[in-house]
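Enquirer: Going line by line, the protein sequences match chains A and B.
Residue 1 is where the first sequence starts when you use my numbering, and the numbers rise one by one after that.
Residue 1 is where the second sequence starts when you use my numbering, and the numbers rise one by one after that.
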Amino acid sequence: MPELPELNPVVHGKLRLAVLSLLATADEAEFTWLRAQTGSTDGNLGAQLMKLEEAGYVSVEKKFVQRKPQTLYRMTDAGRQALTEYVQALKQLLGSAIQS
Amino acid sequence: MDAMEAQELQDRLALIEQMMKAGRRSTESWGWTFLLWGLAYYVAIGWSALGGTYAWPVTMVATCVLMGVILSRRDHKPNTTMNRAVIGIWIALGVTMMTLMPALAISGRIADARGSIAVVCAVMGMANGASGILLKWRLQQASAVTWWVASMTVCFGSETQALVVFMVAIFICQIVFGIACMMAEKREARGMKDGAHA
Chain A
1 MPELPELNPV
11 VHGKLRLAVL
21 SLLATADEAE
31 FTWLRAQTGS
41 TDGNLGAQLM
51 KLEEAGYVSV
61 EKKFVQRKPQ
71 TLYRMTDAGR
81 QALTEYVQAL
91 KQLLGSAIQS
Chain B
1 MDAMEAQELQ
11 DRLALIEQMM
21 KAGRRSTESW
31 GWTFLLWGLA
41 YYVAIGWSAL
51 GGTYAWPVTM
61 VATCVLMGVI
71 LSRRDHKPNT
81 TMNRAVIGIW
91 IALGVTMMTL
101 MPALAISGRI
111 ADARGSIAVV
121 CAVMGMANGA
131 SGILLKWRLQ
141 QASAVTWWVA
151 SMTVCFGSET
161 QALVVFMVAI
171 FICQIVFGIA
181 CMMAEKREAR
191 GMKDGAHA
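If you want it as structure tokens, here you go:
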């Protein structure tokens, strides 16, 4: 029987997973949009984004648009790779759960 | 792995799908624009019926400006390939209408109102059809079919009948569709909030 894969703990967090999934579909996304889509609080979302940034899965850009601060997040290649591997591992684990 | 763990993994997979779907769908936050333009068409029709020579250009330009102001005040939306494709369709539609219609009016080629109504309905059908197919959205595809049926129907009746058909199409495809979109947006936003809470 093949060894079951480990799930990446950085990606596995529910809010972090939601954010990565959202960013996978967008070129870039603003903090407020991510907050609205996930229904999270500023503090929680900020903390989870920080963890993703530290892991190198998202990059952040801060700028001013019409004198208003704007924080844009992008998924990095490493983030895309991590999400892809996470989904593959998830499917493998679910497959083994069905077989057992 | 116990059943609880398996269920948790299933939930994670469902969350990924839900979030990706949310990121890809873009027209759902545009319901208000359908409603706005529907009302604008009614204003223009009513005003021109009262004899307003510049009813259409003034109403259309004013609506463009109003939409621009509202959009500039909204939060920055993520730029996705799907967004660009759908927005591109509607910008192309707007440019077509804003160039063709004044040109037809100034050159005096709109001798028969049925012709221009048929063109407007057909172009609206094309934009809704393309958008509906891209988004795999049956409601918008149905809206496109309604516009296309209207564009064909107006060719066979009197000018008054054509105007009535046009107004009915606006009501169904702009007002009702716009309200349905807004309701769907709210439902989806609530669903996503419930699903993504960590």
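C-beta atoms are modelled at their ideal positions from N, C-alpha and C, and glycine is treated no differently.
Here the structure is a predicted model, which is why all the values come from computation and not from measurement.
Enumerate in chain order the residues of its own chain whose CB-to-CB distance from Ile-98 (chain A) is below 7 Å, with the five nearest sequence positions on each side excluded.
Expert: Nothing listed; no residue qualifies.
Enquirer: Does the segment 115 to 130 of chain B come within contact of the segment 138 to 148 of chain B, defined as at least 3 CB pairs closer than 8 Å?
Expert: Short answer: they touch.
Enquirer: Which residue from B:Leu-135, B:Ser-72, B:Thr-80 and B:Val-123 puts its Cα closest to that of Val-95 (chain B)?
Expert: The shortest C-alpha separation from Val-95 (chain B) is found at B:Val-123.
Enquirer: Would you check if the distance between the CB atom of Met-19 (chain B) and the CB atom of Met-60 (chain B) is smaller than 8 Å?
Expert: No, these two residues do not count as a Cβ contact at 8 Å.
Enquirer: Spell out a yes or no on whether the segment 103 to 117 of chain B and the segment 59 to 77 of chain A are touching, meaning 3 or more CB-CB pairs, one atom from each, closer than 8 Å.
Expert: Segments in contact, no.
Enquirer: According to DSSP, is Ala-29 (chain A) helix, strand or coil?
Expert: DSSP places Ala-29 (chain A) in strand when its eight states are reduced to three.
Enquirer: Got a sec: is the Cβ-Cβ distance from Gln-81 (chain A) to anything in chain B below 8 Å?
Expert: It does not: the Cβ of Gln-81 (chain A) has no partner Cβ on chain B nearer than 8 Å.
Enquirer: At the 8 Å Cβ level, is Thr-25 (chain A) part of the contact set with chain B, yes or no?
Expert: It does; some Cβ of chain B falls within 8 Å.
Enquirer: In chain B, which residues lie less than 9 Å from Gln-92 (chain A) when you measure between Cβ atoms?
Expert: What Gln-92 (chain A) touches in chain B: nothing, since even the nearest Cβ is about 10 Å away.
Enquirer: Per DSSP, which one or two residues make a beta bridge with Pro-69 (chain A)?
Expert: For Pro-69 (chain A), which the question treats as bridged, DSSP gives the partners A:Phe-64.
Enquirer: Measuring CA to CA, which of B:Ser-29, B:Pro-57 and B:Ala-118 is closest to Lys-186 (chain B)?
Expert: Here the closest residue by C-alpha is B:Ser-29.
Enquirer: Mind the definition here: the segment 63 to 80 of chain A touches the segment 22 to 36 of chain A only if three or more C-beta pairs lie below 8 Å; say whether that holds.
Expert: The segment 63 to 80 of chain A vs the segment 22 to 36 of chain A: in contact.
Enquirer: Starting from Val-58 (chain A), follow its DSSP beta bridges and name the residues at the other end.
Expert: Note: Val-58 (chain A) sits in a beta bridge opposite A:Met-75.
Enquirer: For Tyr-54 (chain B), which three-state DSSP category applies?
Expert: In this structure, Tyr-54 (chain B) counts as coil in the three-state DSSP scheme.
Enquirer: Closer than 7 Å by beta-carbon distance: list the chain B residues that pair up with Val-87 (chain A), in chain order.
Expert: Correct list: Ile-16.
Enquirer: If contacts are defined as beta-carbon pairs under 8 Å, then Thr-81 (chain B) and Gly-23 (chain B) qualify, I think. What distance do you get, rounded to the angstrom?
Expert: Between Gly-23 (chain B) and Thr-81 (chain B) the Cβ distance is about 11 Å, and since that is not below 8 Å, they are no contact.
Enquirer: If I measure Cβ to Cβ from Leu-103 (chain A) and keep anything under 6 Å in the same chain, skipping five residues before and after, which residues do I get?
Expert: Residue 103 (chain A) falls outside the range modelled here, since chain A spans only 1 to 100, and no answer is possible.
Enquirer: Kindly indicate which three-state DSSP category Glu-188 (chain B) falls into: helix, strand or coil?
Expert: In the structure shown, Glu-188 (chain B) sits in a helix (DSSP, three-state: H, G or I).
Enquirer: Round the Cβ separation of Ala-118 (chain B) and Cys-173 (chain B) to the nearest angstrom and send it over; I've been treating them as touching at under 8 Å.
Expert: The pair is not a contact, with the Cβ atoms about 15 Å apart (cut-off 8 Å).
Enquirer: Over the uninterrupted alpha helix (DSSP H) stretch that includes Pro-5 (chain A), give me the two end residues.
Expert: Note, Pro-5 (chain A): premise wrong, no alpha helix (DSSP H); not H, not E.
Enquirer: Is the CB of Thr-80 (chain B) under 8 Å away from at least one CB in chain A?
Expert: Closer than 8 Å: yes.
Enquirer: List, in chain order, every chain A residue whose beta-carbon is nearer than 7 Å to that of Gly-52 (chain B).
Expert: Within 7 Å Cβ-Cβ: nothing; Gly-52 (chain B) doesn't reach chain A, min ~35 Å.
Enquirer: Using only the alpha-carbon positions, how far apart do Leu-83 (chain A) and Val-19 (chain A) sit?
Expert: Cα-Cα distance, rounded: 11 Å.
Enquirer: Just to make sure I have the definition right: I need the residues of chain B whose C-beta is within less than 7 Å of the C-beta of Ala-55 (chain A). Which are they?
Expert: Residues of chain B passing the Cβ test: none, with the nearest at roughly 16 Å.
Enquirer: For Leu-36 (chain B) and Pro-57 (chain B), I'd like the C-alpha separation in whole angstroms.
Expert: When rounded, the distance between both Cα atoms is 16 Å.
Enquirer: If we count the other Cβ atoms within 10 Å of its Cβ and call it buried at 16 or more, is Leu-17 (chain A) buried or exposed?
Expert: Buried is the call here.
Enquirer: Using a 10 Å radius around the Cβ and a threshold of 16 neighbouring Cβ atoms, would you call Tyr-54 (chain B) buried or exposed?
Expert: Its Cβ having fewer than 16 others within 10 Å, Tyr-54 (chain B) is exposed.
Enquirer: Along the alpha helix (DSSP H) that carries Gly-108 (chain B), what are the first and last residues, could you check?
Expert: Note, Gly-108 (chain B): premise wrong, no alpha helix (DSSP H); not H, not E.
Enquirer: Over what stretch of residues does the alpha helix (DSSP H) that includes Arg-114 (chain B) continue unbroken?
Expert: Where Arg-114 (chain B) is concerned, the enclosing alpha helix (DSSP H) stretches over 113 to 134.
Enquirer: Tell me whether Arg-73 (chain B) sits in a helix, a strand or coil according to DSSP, three-state version.
Expert: In this structure, Arg-73 (chain B) counts as helix in the three-state DSSP scheme.
Enquirer: Please confirm whether Gly-23 (chain B) has its beta-carbon closer than 8 Å to some beta-carbon of chain A.
Expert: Gly-23 (chain B) counts as touching chain A.
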